[in-house]
Amino acid sequence: MRDSRAGVLRLDPLRAWRFVAGMVSGLGAVTSPPYDVLEPALVRRLTASDLHNMVRLILPRDPNLGPSRYDEPAERLAGWQAAGVVIQDPRPALYVYEQRLGDAVLCGLVGALALDPLRRVVLPHENVMPHWVDDRLELMEATDADLEPILLAYGDGGAASDAVDAARTGVPWVEAETENGAEHRIWRIEDPETLAVIAAEIAKHEALIADGHHRYAAYLERNRREPDRSSTSVGLAMLVDYNRHPLTLDPIHRVVPGLTLEMVQSRTPAGWDVLSGRSESLPDHIRLTDGTTWLTIRPANGQTVPVVSSLHEHLLPAWGAPVDEITFHHTWSDALALASPSQVAIELTAPRLDQVLGSAIQGVILPQKATSFGPKPRVGLLFRML
484 MRDSRAGVLR LDPLRAWRFV AGMVSGLGAV TSPPYDVLEP ALVRRLTASD
534 LHNMVRLILP RDPNLGPSRY DEPAERLAGW QAAGVVIQDP RPALYVYEQR
584 LGDAVLCGLV GALALDPLRR VVLPHENVMP HWVDDRLELM EATDADLEPI
634 LLAYGDGGAA SDAVDAARTG VPWVEAETEN GAEHRIWRIE DPETLAVIAA
684 EIAKHEALIA DGHHRYAAYL ERNRREPDRS STSVGLAMLV DYNRHPLTLD
734 PIHRVVPGLT LEMVQSRTPA GWDVLSGRSE SLPDHIRLTD GTTWLTIRPA
784 NGQTVPVVSS LHEHLLPAWG APVDEITFHH TWSDALALAS PSQVAIELTA
834 PRLDQVLGSA IQGVILPQKA TSFGPKPRVG LLFRML
């Protein structure tokens, strides 16, 4: 079969690693959300929940230590392997992963994604920050592992999605409940005929990188550095059919040190309306506050591109904002808590899925942290050692 370098989407079976239930306090207690959505209070709770929680591996260490800051996590992981705390599946499989929290369901296939450096079938939609790519690469190289699956989305999975739903009628291979009340189940698909059907269906599609742009960029860089090592030509990924199992799409908000509402009012370029107050009803708008006063900005004639693109390409430069100091926040409450007269918080609306897909297909890359797709796969239920 041709690989994705020739324009074919491929998700290969692998022998995944997992925790042994009898060696930890609970399979849910050793898992974690992805590194980039972890708030300090949650980190403290997870760290206290079990000595083997994944935050002890995936969180950045003191940057002053340079590449050596992941030596400790690498030694820790090696110790878990030696002690039998984590083990490898004896046979390769694709893994059906389901996560349920209330009415929210994440469901798809986890496997080894063939990398696509030419961007023909694995489509990024937002820019990356080089220091985070470097950080994830250093973790991957130190541990020789893919600890956090990236999340991919594709549509109309047909026979592949049928195979996913059929697997879920059986007895789960792994079950866990996490501290947030979510239920997680994993099933294995190893039947050669079923795997062949899935591969043939997936090969017809393109996939959007929904979450994990920095990790995917690190996969590509790792492969560039070690092209002769076959295990670097793939990376751990979860593939979701967004028609069968829809994903949520939320904005990521900004806090801009040095930006004031006066700068916004006096420097906003033509083509934008600046309105007093916090409008709830306007489409494609941006809301800003210094903690007391609100402004709402909207394009005067409407627009088809996501507002986050206009914010970074037109508005922030016009305002003279120090973009290198912007911080990003998945919840508005976290951003709002930092708002002050000299530090404006910017509340964004989420792009529409058709806007994101259209941009990706055309090769247009949105600004970094433009979207937050969810639910996100939990870290630690399945991972990959090279």
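First residue of the sequence shown? That's 484 in the numbering used here, and the numbers climb one at a time after it. Ideal Cβ placement from N, Cα and C applies to all residues, glycine included.
Q. Are residue 828 and residue 772 touching if we call contact CB-CB under 8 Å?
A. Taking the sequence shown and counting its residues from 1, the one referred to as residue 828 is at position 345. Taking the sequence shown and counting its residues from 1, the one referred to as residue 772 is at position 289. Yes; because the gap between Cβ atoms is below 8 Å, this pair is in contact.
Q | Contact between the region 503-520 and the region 659-674 (3+ Cβ pairs under 8 Å) | A | Output reads yes: the region 659-674 touches the region 503-520.
Q. With distances taken from CA atoms, which of 570, 531, 774, 627 is nearest residue 868?
A. Residue 868 sits at position 385 when you count from the first residue of the sequence shown. Looking at the Cα atoms, 627 is the closest of the given residues.
**Q.** residue 696, enclosing alpha helix (DSSP H) - first and last residue
**A.** Here residue 696 is taken as the residue at index 213 of the sequence shown, counted from 1. It spans 696-708 - the alpha helix (DSSP H) in which residue 696 sits, taken as one unbroken run.
Q. So who's on the other strand from residue 739, going by DSSP bridges?
A. As a first step, residue 739 must be located in the sequence shown, where it is residue number 256. According to DSSP, which records beta bridges pairwise, residue 739 is partnered with 827.
**Q.** Spatial neighbours of residue 638 in its chain, beta-carbon cut-off 8 Å, leaving aside the 5 residues before and after
**A.** Against the sequence shown, residue 638 aligns to sequence position 155. Residues of the same chain with a CB within less than 8 Å of the CB of residue 638, apart from the 5 flanking positions on each side, are 688, 724, 725, 726 in chain order.
Q) Does DSSP put residue 637 in a helix, in a strand, or in coil? A) The sequence position of residue 637 within the sequence shown is 154, counting from 1. The answer is strand: DSSP assigns residue 637 an E or B state.
**Q.** Three-state secondary structure assigned by DSSP to residue 768
**A.** For the purposes of this step, residue 768 is taken as residue 285 along the sequence shown, with counting starting at 1. In this structure, residue 768 counts as coil in the three-state DSSP scheme.
Q | Environment of residue 718 [buried if 16+ CB atoms lie within 10 Å] | A | Within the sequence shown, the letter at position 235 stands for residue 718. When all chains shown are included, residue 718 counts as buried.
Q. In whole angstroms, what is the alpha-carbon distance linking residue 714 and residue 569?
A. What you label residue 714 is simply residue 231 of the sequence shown in a count that begins at 1. What you label residue 569 is simply residue 86 of the sequence shown in a count that begins at 1. Distance between the alpha carbons of residue 714 and residue 569 is about 20 Å.
Q. Just checking my contact of residue 597 with residue 495 at CB under 8 Å: how many whole Å lie between their CB atoms?
A. In the sequence shown, counting from the first residue as 1, residue 597 sits at position 114. In the sequence shown, counting from the first residue as 1, residue 495 sits at position 12. That belief holds up - the Cβ atoms of residue 597 and residue 495 are roughly 7 Å apart, short of 8 Å.
(Q) From the DSSP secondary-structure annotation, give me the bridge partner or partners of residue 671. (A) Taking the first residue of the sequence shown as 1, we reach residue 671 at position 188. Residue pairing by DSSP places residue 671 opposite 578 in a beta bridge.
Q | residue 864 in three-state terms, based on DSSP | A | Locating residue 864 in the sequence shown gives position 381, counting from the first residue. The answer is coil: DSSP assigns residue 864 none of H, G, I, E or B.
Q: Check whether the Cβ atoms of residue 861 and residue 809 lie closer than 8 Å to each other.
A: Indexing the sequence shown from 1 puts residue 861 at position 378. Indexing the sequence shown from 1 puts residue 809 at position 326. Between residue 861 and residue 809, the C-beta gap is not smaller than 8 Å, which leaves the two residues out of contact.
Q: Count the C-beta pairs between the region 795-804 and the region 750-767 that are closer than 8 Å, then say yes if the count reaches three, no if not.
A: Enough Cβ pairs lie closer than 8 Å, so yes.
Q | N-terminal and C-terminal residue of the beta strand (DSSP E) that residue 595 is part of | A | Looking up residue 595 in the sequence shown gives position 112. Segment 587-597, the beta strand (DSSP E) holding residue 595.
Q) Going along the chain, which residues of its own chain have a beta-carbon closer than 6 Å to the beta-carbon of residue 758, five neighbours each way excluded? A) Residue 758 sits at position 275 when you count from the first residue of the sequence shown. The beta carbon of residue 758 lies closer than 6 Å to those of 779 in the same chain, with the five residues before and after it left out.
Q: Identify whether residue 488 lies in helix, strand or coil by the three-state DSSP scheme.
A: One-based indexing of the sequence shown puts residue 488 at position 5. Any reading at residue 488 must be qualified, since the residue scores a pLDDT of 46, below 50, and its modelled position is unreliable; the value itself is stated next. Residue 488 falls in the helix class under three-state DSSP.
Q: Measure the C-alpha to C-alpha separation of residue 740 and residue 587 and round it to an integer number of angstroms.
A: One-based indexing of the sequence shown puts residue 740 at position 257. One-based indexing of the sequence shown puts residue 587 at position 104. The straight-line gap from Cα to Cα measures roughly 35 Å.
Q. Helix, strand or coil for residue 656 per DSSP?
A. As a first step, residue 656 must be located in the sequence shown, where it is residue number 173. Note: residue 656 maps to coil in three-state DSSP.
Q) Under the rule that 16 or more other beta-carbon atoms within 10 Å means buried, what is residue 485, buried or exposed? A) For this step, residue 485 is matched to residue 2 along the sequence shown. At residue 485, the pLDDT of 39 sits below 50, so the modelled position is not reliable; the number obtained from the coordinates is stated separately. When all chains shown are included, residue 485 counts as exposed.
(Q) Going by C-alpha to C-alpha distance, which of 846, 646, 695, 853 sits closest to residue 602? (A) Against the sequence shown, residue 602 aligns to sequence position 119. Comparing alpha-carbon positions, the option among 846, 646, 695, 853 lying closest to residue 602 turns out to be 846.
Q: Taking residue 669 and residue 580 to be in contact with their CB atoms under 8 Å, please state how far apart those CB atoms are, rounded to whole angstroms.
A: Here residue 669 corresponds to residue number 186 of the sequence shown, with the count starting at 1. Here residue 580 corresponds to residue number 97 of the sequence shown, with the count starting at 1. Rounded, the Cβ-Cβ distance is 5 Å, consistent with contact.
(Q) For residue 556, count the other beta carbons within 10 Å of its own beta carbon; 16 or more makes it buried, fewer makes it exposed. Which is it? (A) Taking the first residue of the sequence shown as position 1, residue 556 is located at position 73. Buried: at least 16 other Cβ atoms inside 10 Å.
Q) Using the rule of at least 16 other Cβ atoms within 10 Å of the residue's Cβ for burial, across every protein chain shown, is residue 515 buried or exposed? A) Within the sequence shown, the letter at position 32 stands for residue 515. Label assigned to residue 515: buried.
**Q.** Length-filtered (3 minimum) beta strand (DSSP E) runs lying within the region 509-574
**A.** With a minimum length of 3 residues, the unbroken runs of beta strand (DSSP E) contained wholly in the region 509-574 fall at 569-571.
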